Amino acid sequence: MSLRNAVTASLDTYFEQMDGQLPSDLYTMVINEVEGPLLAYVMEQVNHNQCKAAEMLGLNRGTLRKKLKFHQLID
0 MSLRNAVTAS LDTYFEQMDG QLPSDLYTMV INEVEGPLLA YVMEQVNHNQ
50 CKAAEMLGLN RGTLRKKLKF HQLID
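Each residue of the sequence shown is one higher than the one before, counting from 0 in numbering that gives the first Met the number 0.
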């Protein structure tokens, strides 16, 4: 299954569970739900080396640190 298909399937399930109610701030919710596990996975793959993780993700190291703190993956 592609990542795109997995996201679509998850959104289908989410909207089914909403039972006709419309969510608010859906974009932020989806980004936060995906970003945390993505960052945790990448950090694991590079043995918590932030420079390598930033390069792998195509992010500035400062931006990565900010996101890691937001998701409580570092102090």
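Here a beta-carbon is modelled for each residue, glycine too, at the ideal position from N, C-alpha and C. Here the structure is a predicted model, which is why all the values come from computation and not from measurement.
Three or more C-beta pairs below 8 Å linking the segment 14–23 and the segment 41–51: For the pair of segments examined, the segment 14–23 was found not to touch the segment 41–51: the number of CB pairs separated by less than 8 Å stays below three.
L72 and M42: beta carbons closer than 9 Å? Taking 9 Å as the cut-off, the Cβ atoms of L72 and M42 count as close.
DSSP-derived helix/strand/coil call for G35: Correct three-state label for G35: helix.
Can you have a look at K25 and say buried or exposed, based on whether 16 or more other CB atoms are within 10 angstroms of its CB? Note that residue 25 is Leu in the sequence shown, not Lys. Note on L25: under 16 other CB atoms within 10 angstroms of its CB, so exposed under the neighbour-count rule.
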